[in-house]
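Below you'll find the structure, written out as structure tokens, and then a few comments.
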Amino acid sequence: MCTLTWLTTEFGYQVFFNRDELKSRQRALPPQVHREGAVTYIAPTDPDAGGSWISTNQLGVTLCLLNNYHAVIPSRHNWISRGLLVKGLAQQLTAQAALLDLAQKNLDYFKPFDLLIFSQQDLPLQVSWDGVNLSEKANPVAPITSSSFSTATVIQNRLAHLINAPNLSTDLLRDYHAGHLPEKGPYSVCMHRDDASTVSFSHIQVDDLGATFHYWDGPPCEALGKAPVIIKIAKEDTTYGPKMGQSA
77 MCTLTWLTTE
87 FGYQVFFNRD
97 ELKSRQRALP
107 PQVHREGAVT
117 YIAPTDPDAG
127 GSWISTNQLG
137 VTLCLLNNYH
147 AVIPSRHNWI
157 SRGLLVKGLA
167 QQLTAQAALL
177 DLAQKNLDYF
187 KPFDLLIFSQ
197 QDLPLQVSWD
207 GVNLSEKANP
217 VAPITSSSFS
227 TATVIQNRLA
237 HLINAPNLST
247 DLLRDYHAGH
257 LPEKGPYSVC
267 MHRDDASTVS
277 FSHIQVDDLG
287 ATFHYWDGPP
297 CEALGKAPVI
307 IKIAKEDTTY
317 GPKMGQSA
């Protein structure tokens with residue numbers, strides 16, 4: 077029950093993410109700066125399991141996790157939260173390193189998911205786990221949508237309204253994520269149901285100067301944005317080495 081879009085800019089990219097959840101879940105902790113190993117990253121935290129659904133780090137790598145409702149969930153009881161994958165992968169220095177790390181993990185105890193990986197150097201990458209196989213799709217098309225409620229209808233509605241939009245821009249995508257087409261309810265991008273709703277909106281901007289995480293704690297049609305959290309992009313560092321395109 078989430079919607080993800082993005083656009084590229086002259087020096088980086090922007091990511092827009094609606095998180096839709098059941099109203100019975102605890103409210104997430106807003107984005108904070110974390111340190112995993114030698115890498116600093118920004119991520120909100122799901123207090124139910126301690127994981128996250130979105131992160132961006134000081135190397136300009138952003139991760140976005142959505143549930144994969146197309147897959148058949150195997151019968152199992154001892155599941156591990158998928159959000160813990162995001163926090164574990166957030167320390168990776170490149171998109172390819174994150175992909176390699178994920179491919180080496182035993183995913184049998186994780187429910188199906190789609191993971192989108194963004195970086196300044198590479199095209200967006202979609203990695204899908206269906207409970208049996210891990211597959212990759214380079215340069216996927218936005219929006220990426222997941223919903224446990226009338227899945228095909230929700231995806232069709234959200235895709236149609238973006239395809240019919242003019243050239244993408246920051247303002248257009250912000251409006252799209254706060255929008256209620258065809259009407260305010262279960263099929264709109266800013267989703268509203270009796271038992272669930274859009275509970276937050278994240279907007280991440282990455283360029284050569286830094287990664288900026290804007291966060292709305294609540295439906296974007298109602299909530300006020302919190303003060304952005306910013307980290308600088310590591311360009312040259314004895315730990316990471318030169319950035320791609322720079323000489324050593």
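The working numbering numbers the first residue of the sequence shown as 77 and each following residue consecutively.
C-beta atoms are modelled at their ideal positions from N, C-alpha and C, and glycine is treated no differently.
Model, not experiment: these values are computed from the prediction.
Ignore the nearest five residues each way along the sequence and tell me which others in Ser226's own chain have a CB closer than 8 Å to its CB. With a pLDDT of 49 at Ser226, under the threshold of 50, the modelled position of this residue cannot be trusted; read the value that follows with caution. Hits under 8 Å: Pro262 and Tyr263.
What does the alpha-carbon distance come out to for the pair Ala303 and Pro106? 10 Å
Nearest-angstrom Cα separation, counted from Leu83 out to Tyr89: 6 Å
Please state the DSSP three-state secondary structure of Asp271. coil
Measure the beta-carbon distance from Phe92 to Leu249 and round it to whole angstroms, keeping in mind my assumption that it falls under 8 Å. 5 Å
Roughly how many whole angstroms lie between the Cα atoms of Leu142 and Pro219? 12 Å
Strictly by DSSP, which residues pair up with Ala214? Leu201
Report the rounded CA-to-CA distance for Leu191 versus Val203, giving the unit in angstroms. 5 Å
With a Cβ-Cβ cutoff of 8 Å, do Ile280 and Val109 count as a contact? no
Comparing C-alpha positions only, which one of Ile156, Thr246, Leu178 and Ala310 sits nearest to Leu201? Leu178
DSSP on Leu139, reduced to helix/strand/coil? strand
Bridge partners of Ser245, per DSSP? Note: Ser245 sits in no beta bridge, so no partner.
Quick one: what's got a C-beta closer than 6 Å to Pro150's C-beta in the same chain, skipping five residues either side? Gly207
Which word fits Thr81, buried or exposed, when buried means at least 16 other C-beta atoms lie within 10 angstroms of its C-beta? buried
Using the three-state DSSP reduction, which class does Lys308 fall into: helix, strand or coil? strand
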